[in-house]
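Enquirer: Below is one structure. I have some questions about it.
Protein chains in written order, with our numbering: chain A, 558 to 972; chain B, 3 to 707.
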């Protein structure tokens, strides 16, 4: 339990690079594309489309018709149109019901279009896997093991339960020093036909009983919001999010819903904000009027981030929806001073990542785009994350001495 | 709903939206071109200079109570700065080499992500009507432009070259406009219709006399367009001032010569010596129920001679009545017929019906008209017929005794042998000739098929088709094809408009008239609203009307209360409620009055405390002429304004809803409060007003189901 403590130097902002690019003119219609479309479909509501996934509105979820094609991988691709200086190191999946719908997620990048399932380079490596920041397991065990000994050339692998897999999946087996990723080409009961040595790995030998994992995917632990981080990749133009059945098939009746996907960089503050840190709750949904007789009449237009049971602001999911905190949450922080290199690039005409100016101010348009505020980057409590927007129309710094500037930020919950 | 350009739709999805308008001004000099302006410099193909200081607001209205759609004008203020910094903008706009005044203006909605103008959504088409400026600013007044603006219809004057002798039009016909006629204006010459009963006035269309040809024939212009069918069926009438009523025109001998019948008009000629006139004689005969053989009898026998062809005398012969049972009815006509015409012959006519019992065969029961046995003449059992019985010789009307008898009898007995005879009316026609000039009127059918693209196989006889035809005829506006006009969001051909609005038109006009007034009247009577699509989205115009009922498939959008702002609920203002509506129809040619009247009183008017004379509206209809259609007209507006209905206003904050337009059907969900305590569920609302700004979209919707 964190008790909403701002954790020393653990303050982190997860910024959306896709919407940043869209806000600067990159067209969504051509650069955000559904892939592998023959194998899956959307549900019919107007909100059920690719745009709902990137509309910075996680409370409006898009619904896949995952029960219709229970083994099809649903896939979307982002073409950033840039091949350098675009650091990506997190994926957030907000407002999902992936556990109920039995889905997990893979993020991949490439220098060219990623149109096929399992294509592109999955984020992380066998040596350095992505980190599950919140609510998920990276490279989860499939539940199946090898049912036979495998040599370095065999392409038909017998596993203990072939029903747990789908065509196109990347599987990871590890035994001693042997680390290999294979791609499922076809499935005949418990016999998987695979392509060996994928994702830069080398074909190895494995014995019966070795655990088969899903390579570098994240499988959420509960319905809600999930974040993973990974080593920075800054020079890849094409990125793909692939939805994979977590159990060999999606749930037969519960369709997958996703509020928003977010991929982008994150910004760690070099130092903690100064005390005093202001943290509060603003109740904008309540109006009290007074009659001429002095009686007060109070109208509650809303009490919490959403009063319905099935919609919620990211990171504030609660099975007991009536226990969702009321009002809008707000933080006000001041940094009296920090090295100016953490705030400014050396040349403001050539913005560089790592500076607060590029990571936050540039990419959010100050108060235009929301982002994820994390008050403790090692916390796995949802309450230490907040879907937020800057509650200020300007960003000002104060140079207090040579190479030393101070600034203030106000964050307010977005819904 | 508007079909949005692909990139616009993509850009409209997010909640964080960058929106602006783009203003396109056209100019016309030796090299016509366009200028573009916006609130900031835009990376759109074509240069957009950020000089707009103030966008106005576009108000789009749909007045359901009057079936009229309007779009407001707009004022836009820009900095008085020329984008190439060479001087003041005002220097170029009016006094410079380029003429912007009265040129086309287009306003496009631009969202970030639109890279060419085709990606943007056209919100407004207008003309630059006014340019005002001071040193710092220029203000444009842009008028929303409709094809019918300042256009007069029926404005083709009869050319002198059409004169019979090729030289001069006859006195009294110089300067006349060529009449135009739509719908079926025929009047059954075999019997008098109710509308023609008195015949001292009618809805017949005046023809234009072009004079005599060198051969001595009379030459007449009927219409400014081609007429339907064989001109031999033209239904010509004259107005005989001596009789003070309309009389049928019969042209024997060489008949009618078609001088022309084409898209430029219909002209006929005939030898005046071949013309005779026929006058239906009523004089309310004396009806006698006589010579009956009991129990045969005529009931309500006077109906057979009361000049009302819808009421009838009836005779029933029942099972068991004896052979020879008989009922006889005489109608003796008034002999005081107009003395100023010499009658060359008289025709007797009767409208009747004979219904035989199942036990009877032909020839076992009879209805005689004089000596003519109707039951043996092949007239269908149980069906109304109107027949010419006999022609008697000439002489003046004063000297003739006019009487006719109908007899219902039987010559067989037994079970199931009942029969019924009806005599609606017995009347007669007198025929005469005259050398006097009788002005002619046309009672035939108007334009047969629509002339607009995609409509040439459609009869030009329904309100919405005539609307489109008049629009095409007088403005040249034409859609790419039939289905480029949508009806309630559906392609024209797939819509229900031909069945929902199968109301026949009878309309003519022979004087110069504002086209907009005519089109407004058609929309009002036809209970539909026409408006043009501003968007270039593939639909070029739209028709909207309130349907009798709605179902889930009619919903264009369900608006989520989470994304609505400033929601207010009100009801139809009491001043706008029409608790009783009177419709006058069948416009009369000579008096300009209306022959018929239908009324609808709202069944719940007492619940709203309306007095007998309160909130009563009287309308005069120029296009509808059938009583049942007028009743449908009354019912349509009663559904809309007969009682107070819910009206909802709200600001739509979600730009993905900005594709809504007037006439769309919406429902509400997830609302903060219920309207007057009622449920939102199951209620259907039609959008009747949009107030659109560069970054704002406010809606008014009215309960329709």
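For every residue, glycine included, the Cβ atom is placed at its ideal position computed from N, Cα and C.
Residues of the segment 902-934 of chain A with a CB closer than 7 Å to any CB of chain B: list them in chain order, please.
Expert: Result list: 925 and 926.
Enquirer: At 3 residues or longer, what runs of the beta strand (DSSP E) sit wholly inside the segment 827-887 of chain A?
Expert: Whole beta strand (DSSP E) segments, 3+ residues: 831-839, 843-847 and 853-857.
Enquirer: Taking 7 Å as the cut-off, decide whether the C-beta atoms of residue 695 (chain A) and residue 732 (chain A) are in contact.
Expert: No. Outside cutoff.
Enquirer: Among A:653, A:565 and A:566, which one has its Cα closest to the Cα of residue 812 (chain A)?
Expert: Selected option, being the one with the closest Cα: A:653.
Enquirer: Identify every run of the beta strand (DSSP E) within the segment 617-694 of chain B, keeping only runs that are complete inside it and at least 3 residues long; order them along the chain.
Expert: DSSP runs (the beta strand (DSSP E)) wholly in the segment 617-694 of chain B: 618-622, 648-654 and 667-671.
Enquirer: Taking the Cβ atom as the reference point for each residue, do residue 627 (chain B) and residue 508 (chain B) lie within a distance shorter than 7 Å?
Expert: In contact: residue 627 (chain B) and residue 508 (chain B) (Cβ atoms closer than 7 Å).
Enquirer: If the criterion is Cβ atoms closer than 7 Å, does the pair residue 660 (chain B) and residue 670 (chain B) meet it?
Expert: Result no, Cβ atoms of residue 660 (chain B) and residue 670 (chain B) do not sit closer than 7 Å.
Enquirer: Counting C-beta neighbours from all protein chains within 10 Å, is the total for residue 14 (chain B) 16 or more, i.e. buried, or is it exposed?
Expert: Burial call: buried.
Enquirer: Between the beta-carbon of residue 806 (chain A) and the beta-carbon of residue 927 (chain A), is there less than 7 Å?
Expert: Result no, Cβ atoms of residue 806 (chain A) and residue 927 (chain A) do not sit closer than 7 Å.
Enquirer: Taking residue 656 (chain A) as the reference, give the member of A:804, A:569, A:618 and A:711 with the closest Cα.
Expert: It is A:804.
Enquirer: Look at the Cβ atom of residue 593 (chain A), then the Cβ atom of residue 630 (chain A), and state whether they are nearer than 7 Å.
Expert: Taking 7 Å as the Cβ cut-off, residue 593 (chain A) and residue 630 (chain A) qualify as a contacting pair.
Enquirer: Pick from B:300, B:317, B:437 and B:495: whose alpha carbon is nearest that of residue 276 (chain B)?
Expert: Nearest option by C-alpha distance: B:437.
Enquirer: Within 10 Å of its beta-carbon, does residue 401 (chain B) have 16 or more other beta-carbons around it, so buried, or fewer, so exposed?
Expert: Caution applies to residue 401 (chain B), whose pLDDT of 37 falls short of 50 and renders its modelled position unreliable; the value that the coordinates give is listed next. When all chains shown are included, residue 401 (chain B) counts as exposed.
Enquirer: Assign residue 207 (chain B) to one of three DSSP states: helix, strand, or coil.
Expert: Strand at residue 207 (chain B).
Enquirer: Excluding the 5 residues flanking residue 540 (chain B) on each side, which residues of the same chain have their C-beta closer than 8 Å to its C-beta?
Expert: Same-chain partners within the cutoff: 5 and 486.
Enquirer: If the criterion is Cβ atoms closer than 7 Å, does the pair residue 185 (chain B) and residue 446 (chain B) meet it?
Expert: It is not a contact, given that the beta carbons lie outside the stated cut-off.
Enquirer: For the beta strand (DSSP E) containing residue 781 (chain A), list its first residue and its last residue.
Expert: Segment 781-790, the beta strand (DSSP E) holding residue 781 (chain A).
Enquirer: Taking the C-alpha atoms as reference points, what is the distance between residue 219 (chain B) and residue 211 (chain B)?
Expert: C-alpha separation (whole angstroms): 11 Å.
Enquirer: Have a look at residue 303 (chain B) and residue 331 (chain B) and give me their C-alpha separation to the nearest angstrom.
Expert: Cα to Cα, the separation comes out at about 7 Å.
Enquirer: On the criterion of 16 or more Cβ atoms from any shown chain inside 10 Å, does residue 833 (chain A) qualify as buried, or is it exposed?
Expert: Residue 833 (chain A) comes out exposed.
Enquirer: Evaluate the contact criterion for the segment 566-584 of chain B versus the segment 601-621 of chain B: three or more CB pairs, one atom per stretch, below 8 Å.
Expert: Yes: at least three Cβ pairs fall under 8 Å.
Enquirer: What does residue 674 (chain B) touch in chain A if you count any residue whose Cβ is under 9 Å from its own?
Expert: Neighbours of residue 674 (chain B) on chain A, chain order: 858 and 859.
Enquirer: My guess is that residue 545 (chain B) and residue 532 (chain B) are in contact by the Cβ rule of under 8 Å, so how many angstroms apart are they, rounded?
Expert: The pair is a contact, with the Cβ atoms about 6 Å apart (cut-off 8 Å).
Enquirer: Could you spell out where the beta strand (DSSP E) holding residue 478 (chain B) opens and where it closes?
Expert: No beta strand (DSSP E) holds residue 478 (chain B); DSSP gives it neither H nor E.
Enquirer: With a cut-off of 8 Å, do at least 3 Cβ pairs link the segment 601-618 of chain A to the segment 579-589 of chain A?
Expert: Judged by Cβ distances under 8 Å, the segment 601-618 of chain A makes contact with the segment 579-589 of chain A, as three or more pairs qualify.
Enquirer: Using 10 angstroms around the beta-carbon of residue 888 (chain A), count the other beta-carbons present and answer buried if the total reaches 16, otherwise exposed.
Expert: So residue 888 (chain A) ends up on the buried side.
Enquirer: For residue 584 (chain A), return the contacting residues in chain B, with the cut-off set at a CB-CB distance below 7 Å.
Expert: Those within 7 Å of residue 584 (chain A) in chain B are 9, 12, 115 and 117.
Enquirer: Rounded to a whole number of angstroms, what is the C-alpha to C-alpha distance between residue 563 (chain A) and residue 787 (chain A)?
Expert: Their Cα atoms are separated by approximately 23 Å.
Enquirer: Could you tell me whether the Cβ atoms of residue 1 (chain B) and residue 155 (chain B) are closer together than 7 Å?
Expert: Because residue 1 (chain B) is not part of the residues shown, which for chain B are 3 to 707, the question remains open.
Enquirer: Run through chain A and tell me which residues come within less than 8 Å of residue 634 (chain B), C-beta to C-beta.
Expert: What residue 634 (chain B) touches in chain A: nothing, since even the nearest Cβ is about 35 Å away.
Enquirer: What would DSSP say about residue 454 (chain B), mapped onto helix, strand or coil?
Expert: Of the three classes helix, strand and coil, the one that applies to residue 454 (chain B) here is coil, per DSSP.
Enquirer: Residue 956 (chain A) to residue 824 (chain A), Cα distance in whole Å?
Expert: Roughly 21 Å separates the two Cα atoms.
Enquirer: For residue 538 (chain B) and residue 515 (chain B), what's the separation of their Cα atoms in angstroms?
Expert: Their backbone Cα atoms lie some 30 Å apart in a straight line.
Enquirer: So, with DSSP's three-state summary, where would you put residue 253 (chain B)?
Expert: Correct three-state label for residue 253 (chain B): strand.
Enquirer: Just checking, does the segment 627-645 of chain B make contact with the segment 596-609 of chain B on the three C-beta pairs under 8 Å criterion?
Expert: Yes: the two stretches touch, three or more of their Cβ pairs being nearer than 8 Å.
Enquirer: What in chain A is Cβ-close to residue 17 (chain B), meaning under 7 Å?
Expert: Result: 612, 613 and 614.
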